[in-house]
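Residue numbers (the working numbering): 1 to 111. No residue lacks a Cβ here, since even glycine has one placed at the ideal position from N, Cα and C. Contents: one structure, followed by commentary.
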């Protein structure tokens, strides 16, 4: 892989990761909070065999579930943003490469 192409891919990946982080902060933090807490309470109710009482242990496990849900939503957003940025970097490199090939062919034709 040429140095210019690798640089384009790296820049695209970094830009995509930044966009993924911003999208997570705007759209993903509340669903991560909600699904983390809901999933934890469902898991605890299945393990307990019924409704769970709001004891200290249940609250601590719920907080851990919330943090895990927020972390997972953030990780998915950043990874998908990076993949999208890499694909866009590849497309930009491909399009710019087509223009360079035409210029080279025209320059050889004139010589």
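Does the Cβ-Cβ distance between residue i and residue j come in under 8 Å?
i          : j          : result
residue 73 : residue 20 : no
residue 85 : residue 4  : no
residue 23 : residue 99 : no
If you compare alpha carbons, which of the options is closest to residue i?
i          : options        : result
residue 62 : 25, 32, 89, 96 : 32
residue 70 : 36, 56, 90, 15 : 36
residue 42 : 65, 78, 25, 26 : 65
residue 76 : 2, 9, 18, 8    : 18
residue 60 : 51, 44, 50     : 44
residue 67 : 40, 54, 49     : 40
Kindly indicate the opening and closing residues of the alpha helix (DSSP H) around residue i.
i          : result
residue 40 : 29-48
residue 8  : 3-23
Residue i: buried (16+ other C-beta within 10 angstroms of its C-beta) or exposed?
i          : result
residue 16 : buried
residue 9  : buried
residue 97 : exposed
residue 95 : exposed
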